[in-house]
Amino acid sequence: MNAGIDVPQIQRFGALYIASARLKSMSKWKTIIAAVDVGNPLFYLIAVGIGIGVLVEQGSGTSGTNGIKYIAFIAPALLANTAITGIMDETVFPTIEGFKWRKLFFAQNSTPITGRQIAIGVYLAALCRAIFSVTVYYILLLAFDVVNFGISVLLMPIAVLGGGAFGALMLFAAAKIEKEDQFFNILGRLVIMPMFLFSGTFFPLSSMPIYLQPIGWISPLWHATELGREAAFDYGISSTMVIVHLAFLITMLVTGLTLATRQFEKRLAK
Amino acid sequence: MSKPLISVRGLTKKFGDFTAVDGIDFDVAKGESFGLLGPNGAGKSTTMRILAATSTRTSGTVEILDKDPELFGPLVRAHLGVVPQQDNLDGELTVTENLYIYGRYFGLSKKFIKGKIEELLEFAQLEEKRDVKVEALSGGMKRRLTIARGLVSEPDILLLDEPTTGLDPQARHILWDRLFRLKEQGVTLVLTTHFMDEAEQLCDRLVVMDNGAIMAEGSPSGLIKEYSSKEVLEVRFGSDRNKEVAPQLSQMCERMETLPDRVLMYTEDGEALLEQIMQAKLHPTTSLVRRSSLEDVFLRLTGRTLIE
Chain A
29 MNAGIDVPQI
39 QRFGALYIAS
49 ARLKSMSKWK
59 TIIAAVDVGN
69 PLFYLIAVGI
79 GIGVLVEQGS
89 GTSGTNGIKY
99 IAFIAPALLA
109 NTAITGIMDE
119 TVFPTIEGFK
129 WRKLFFAQNS
139 TPITGRQIAI
149 GVYLAALCRA
159 IFSVTVYYIL
169 LLAFDVVNFG
179 ISVLLMPIAV
189 LGGGAFGALM
199 LFAAAKIEKE
209 DQFFNILGRL
219 VIMPMFLFSG
229 TFFPLSSMPI
239 YLQPIGWISP
249 LWHATELGRE
259 AAFDYGISST
269 MVIVHLAFLI
279 TMLVTGLTLA
289 TRQFEKRLAK
Chain B
19 MSKPLISVRG
29 LTKKFGDFTA
39 VDGIDFDVAK
49 GESFGLLGPN
59 GAGKSTTMRI
69 LAATSTRTSG
79 TVEILDKDPE
89 LFGPLVRAHL
99 GVVPQQDNLD
109 GELTVTENLY
119 IYGRYFGLSK
129 KFIKGKIEEL
139 LEFAQLEEKR
149 DVKVEALSGG
159 MKRRLTIARG
169 LVSEPDILLL
179 DEPTTGLDPQ
189 ARHILWDRLF
199 RLKEQGVTLV
209 LTTHFMDEAE
219 QLCDRLVVMD
229 NGAIMAEGSP
239 SGLIKEYSSK
249 EVLEVRFGSD
259 RNKEVAPQLS
269 QMCERMETLP
279 DRVLMYTEDG
289 EALLEQIMQA
299 KLHPTTSLVR
309 RSSLEDVFLR
319 LTGRTLIE
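Quick mapping for you: the protein sequence lines, in order, are chains A and B. Numbering of the first sequence is given in the working numbering, commencing with residue 29 and proceeding in unit increments. Numbering of the second sequence is given in the working numbering, commencing with residue 19 and proceeding in unit increments.
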């Protein structure tokens, strides 16, 4: 063997090799990804900013939203939700494809690359997608004069953290399931949709009956949204709660990623 | 003799109650072309996944290049080229992109891979398809690309799981020719197959597997010599009469197998035996004298045919 294989180097950088391969695959879809990431925020900003927002403010002014313009109130949630759906697309589909549809992971694992590195590589590439989507959205928020450039840039890392926490769990879930068709139904209708509606996205969580509020408590979207509102508008959240929100998201991210890397190794070694 | 590249002792793999591989032993020497021959479900692919340092074993020992693949997976895999039963190429990427990305997984330099790609495209006869998306290739081309991909890191051992299953006869012959070239270059090949002609063409030595166990081991010609006669006379009397005439036929040869559609008679001289049958006025509807093959060895060892 004289090809110059450096195993210690692969052990250090293997996850990055996987991530760059994933980005290369994603780049084949760049037109669609760009259209989605620009189109989606445009639709929301027009519909909510011009349509629903005007209606809300005619009804109750800004008293229900701590004095914040309605479109600005929901902007951190829209941003976090964009990170969540972006990262979900780039973890769930590649993972099911990698294990089942085209078995790419088995090809990758027949090189010195490990299951753990594959999991982390897929995750890193998904984070890149989330960063791209969130950046595009943030630029549009500036363009629509929803937020002012400044401290509100913090909305971006917060949204990516929210997406990253959810994405880590999705990476694990997608590696765990064997039958994907029911999974997509459950995920779309019973996880994503209720999370989007009941995470304090369109109205403060506290305005919901108490028995519905736990949906928000376990939702990464709610935690990221609250953090975003505090960062961008000084929303009036206690510093204790800021720590709680951060701790929740980081715990979810670390737990999800740990479970996912284990599940990848287990399933590849079968 | 130098130390074997692969050494397997008492290898067992269980999935729950099911024993897929049941205590097998074998060695593979450097430069050798070694085959695992057996029907589907014999445990060949499971054995291959363990040799590929990707699957765990239940018990036994395995050493590949002096290392336990379960403990040193990445180190062992750095020396292997793996061609799985099902092509797992990235269909969205082009031929060269597939080779390039795979080479990067071995941490190879861009310069090295770029040079290697040219060599491999020629080897796989895919020069004209270099910028074509993989999903547009034919089955035979995909197979050749998968083999080329396995060679990108200049492996010490190439593992091929059912290399020509699902290919048409012409594509199979092209592939055999490519693999034969590798063999001539001194690449150690380990392959599984349920085609006896493939095993005869490509293997210096092979083991016959059935139900997770090794039934026999040797060179193709050695196995034929040991377990079969020189020639085989195949006679057909029509499906109803095959059984009827069987008792009479069995008196005429050393060994006989009655299959649903034909009777196989093992003998040193097929023509003479056929003459004898004619004289007995049994009149088969068709007859064929051929040399014994590994198929006959398998039939002798297991009482079953390889492809059922």
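For glycine and all other residues, C-beta sits at the position ideal for the given N, C-alpha and C.
Next item on the list: Name the two residues that bound the continuous alpha helix (DSSP H) containing D65/A.
Entry: By one-based count along the first sequence, residue 65/A stands at place 37. It spans 58-72 - the alpha helix (DSSP H) in which D65/A sits, taken as one unbroken run.
Note to self: I'd like the ranges of any alpha helix (DSSP H) spanning at least 4 consecutive residues and lying wholly in the region 183-237 of chain A.
What the structure shows: 183-204, 208-214, 221-225
Check: When you compare only the Cα positions, how much space is there between T289/A and N229/B?
Finding: Counting from 1 along the first sequence, the entry for residue 289/A is found at position 261. Counting from 1 along the second sequence, the entry for residue 229/B is found at position 211. About 34 Å.
Check: Count the other CB atoms within 10 Å of the CB of G42/A; is the residue buried (16 or more) or exposed (fewer)?
Finding: Here residue 42/A refers to the residue found at position 14 when the first sequence is read from its first residue. G42/A should be labelled buried.
Margin query: For G264/A and E258/A, what's the separation of their Cα atoms in angstroms?
Written below: Translated into positions along the first sequence, residue 264/A becomes position 236. Translated into positions along the first sequence, residue 258/A becomes position 230. Approximately 7 Å between the Cα atoms of the pair.
Item checked: Residues, ordered as in the chain, of the region 104-136 of chain B that lie near chain A by beta-carbon distance below 8 Å -> Q104, N106, L107, D108, G109, E110, L111, E115, I119, Y120, R122, Y123, F124, G125, L126, S127, F130, K134
Notebook entry, point to check: What is the DSSP secondary structure of I265/A, reduced to helix, strand or coil?
Noted result: Position 237 of the first sequence holds residue 265/A. Here I265/A sits in coil by DSSP.
Next item on the list: Return the first residue and the last residue of the alpha helix (DSSP H) that D77/B is part of.
Entry: Here residue 77/B corresponds to residue number 59 of the second sequence, with the count starting at 1. Looking at the sequence itself, residue 77/B is Ser, so the reference to Asp does not match. Taken as a continuous stretch (DSSP letters only), S77/B belongs to no alpha helix (DSSP H), being part of the beta strand (DSSP E) at 77-82.
Checklist line | Completely contained alpha helix (DSSP H) runs for the region 222-289 of chain B, where each covers 4 or more residues | finding: Fully enclosed alpha helix (DSSP H) runs of 4 or longer: 238-245, 257-268.
Notebook entry, point to check: Which ranges does the beta strand (DSSP E) cover as unbroken runs of at least 3 residues, wholly within the region 157-229 of chain B, from first to last along the chain?
Noted result: 175-179, 206-211, 223-228, all fully within the region 157-229 of chain B.
Item checked: Where M29/A falls, given that 16 or more other Cβ within 10 Å makes a residue buried -> To locate residue 29/A, count along the first sequence from 1; it is residue 1. With a pLDDT of only 47 at M29/A, under the threshold of 50, the placement of this residue in the model should not be trusted; the figure read from the coordinates follows. It counts as exposed.
Notebook entry, point to check: For the region 105-138 of chain A, which segments carrying the alpha helix (DSSP H) assignment without a break, of at least 4 residues, lie completely within its bounds, in sequence order?
Noted result: 132-137
Notebook entry, point to check: Tell me which same chain residues have a C-beta within less than 8 Å of the C-beta of Y245/B, skipping the five on either side of it?
Noted result: In the second sequence, residue 245/B corresponds to position 227, counting from 1. So the qualifying residues of the chain are A234, D314, V315, R318, L319.
Checklist line | Spatial distance of D353/B from T304/B (CA atoms) | finding: With chain B covering 19 to 326 only, the question about residue 353/B has no answer from this structure.
Note to self: If contact is defined by three or more beta carbon pairs under 8 Å, each pair taking one atom from either stretch, is the region 124-133 of chain A in contact with the region 73-81 of chain B?
What the structure shows: By the Cβ criterion, the region 73-81 of chain B is not in contact with the region 124-133 of chain A, since fewer than three pairs of Cβ atoms, one from each stretch, lie closer than 8 Å.
Next item on the list: Tell me where the alpha helix (DSSP H) around I131/B begins and ends.
Entry: Working through the second sequence from its first residue, we reach residue 131/B at position 113. Note, I131/B: alpha helix (DSSP H), 128-141.
Checklist line | Through-space distance from S48/A to G143/A, alpha-carbon basis | finding: Start at 1 with the first residue of the first sequence, and residue 143/A comes out as number 115. Start at 1 with the first residue of the first sequence, and residue 48/A comes out as number 20. Spanning the two alpha carbons is a distance of roughly 16 Å.
Note to self: At a CB distance below 9 Å, what residues from the region 45-74 of chain A approach chain B? Give them in sequence order.
What the structure shows: Result list: Y45, I46, S48, A49, K52, S53, K56, W57.
Next item on the list: Determine the DSSP secondary structure at T323/B, reduced to helix, strand or coil.
Entry: To locate residue 323/B, count along the second sequence from 1; it is residue 305. Three-state DSSP puts T323/B in coil, outside helix and strand.
Note to self: Given this structure, state the Cα-to-Cα distance separating R273/B from S311/B, to the nearest angstrom.
What the structure shows: Along the second sequence, read from residue 1 onward, the residue named residue 273/B stands at position 255. Along the second sequence, read from residue 1 onward, the residue named residue 311/B stands at position 293. For R273/B and S311/B, the distance between alpha carbons rounds to 15 Å.
Next item on the list: Tell whether a beta-carbon distance below 8 Å holds between T110/A and S161/A.
Entry: As a first step, residue 110/A must be located in the first sequence, where it is residue number 82. As a first step, residue 161/A must be located in the first sequence, where it is residue number 133. Yes; because the gap between Cβ atoms is below 8 Å, this pair is in contact.
Check: Who are the Cβ neighbours of A297/A in its own chain at under 8 Å, not counting the five residues just before and after it?
Finding: Numbered from its first residue, the first sequence carries residue 297/A at position 269. Once the five neighbours on either side are set aside, the close Cβ partners of A297/A are G143.
Item checked: Closer than 7 Å at the beta carbon, the chain A residues around R95/B -> Residue 95/B sits at position 77 when you count from the first residue of the second sequence. Correct list: S138, T139, P140.
Note to self: Based on DSSP bridge pairs, tell me the residues matched to G53/B.
What the structure shows: Here the question's residue 53/B lines up with position 35 in the second sequence. Paired residues: L209/B, L224/B.
Next item on the list: Would you mind stating whether T113/A and R95/B have Cβ atoms separated by less than 8 Å?
Entry: Here residue 113/A is taken as the residue at index 85 of the first sequence, counted from 1. Here residue 95/B is taken as the residue at index 77 of the second sequence, counted from 1. In this structure, R95/B does not lie closer than 8 Å to T113/A by Cβ.
Item checked: Three-state secondary structure (DSSP) of F33/B -> Here residue 33/B refers to the residue found at position 15 of the second sequence. Strand at F33/B.
Item checked: Span of the alpha helix (DSSP H), counted from its first residue to its last, around T114/B -> The residue you call residue 114/B lines up with position 96 of the second sequence. Looking at the DSSP string, the run of the alpha helix (DSSP H) that includes T114/B is 113-123.
Next item on the list: Find the residues of chain B that neighbour V35/A, judging by a C-beta separation of less than 8 Å, and give them in chain order.
Entry: Locating residue 35/A in the first sequence gives position 7, where the first residue counts as 1. Correct list: P92, L93, A96, G125.
Next item on the list: Tell me, please, whether the CB atom of R144/A is closer than 8 Å to any CB atom in chain B?
Entry: Within the first sequence, numbered from 1, the residue matching residue 144/A stands at position 116. Not one chain B Cβ lies under 8 Å of R144/A.
Margin query: At the 8 Å Cβ level, is T183/B part of the contact set with chain A, yes or no?
Written below: For this step, residue 183/B is matched to residue 165 along the second sequence. With 8 Å as the cut-off, T183/B does not count as an interface residue toward chain A.
Next item on the list: Please determine if the region 190-207 of chain B and the region 25-36 of chain B are in contact, where contact requires at least 3 C-beta pairs separated by less than 8 Å.
Entry: no
Next item on the list: Quick one: measure Cβ to Cβ for F211/A and G284/A, integer angstroms, because I've assumed they're closer than 8 Å.
Entry: What you label residue 211/A is simply residue 183 of the first sequence in a count that begins at 1. What you label residue 284/A is simply residue 256 of the first sequence in a count that begins at 1. F211/A to G284/A, Cβ: 16 Å. No contact.
Next item on the list: Return the Cβ separation of F198/B and L178/B in integer angstroms, given the expectation that the two are a contact with Cβ distance under 8 Å.
Entry: Taking the first residue of the second sequence as 1, we reach residue 198/B at position 180. Taking the first residue of the second sequence as 1, we reach residue 178/B at position 160. The Cβ separation is near 13 Å, so there is no contact.
Notebook entry, point to check: By DSSP, does L285/A sit in helix, in strand, or in coil?
Noted result: Residue numbering aside, residue 285/A sits at position 257 when the first sequence is read from its first letter. Note: L285/A maps to helix in three-state DSSP.
Note to self: In the DSSP assignment, the alpha helix (DSSP H) including T64/B goes from what residue to what residue?
What the structure shows: Counting from 1 along the second sequence, the entry for residue 64/B is found at position 46. Its alpha helix (DSSP H) spans residues 62-69.
Check: Using the C-alpha atoms, what's the distance from N213/A back to K207/A?
Finding: By 1-based counting over the first sequence, the position of residue 207/A is 179. By 1-based counting over the first sequence, the position of residue 213/A is 185. K207/A and N213/A: Cα-Cα distance of roughly 11 Å.
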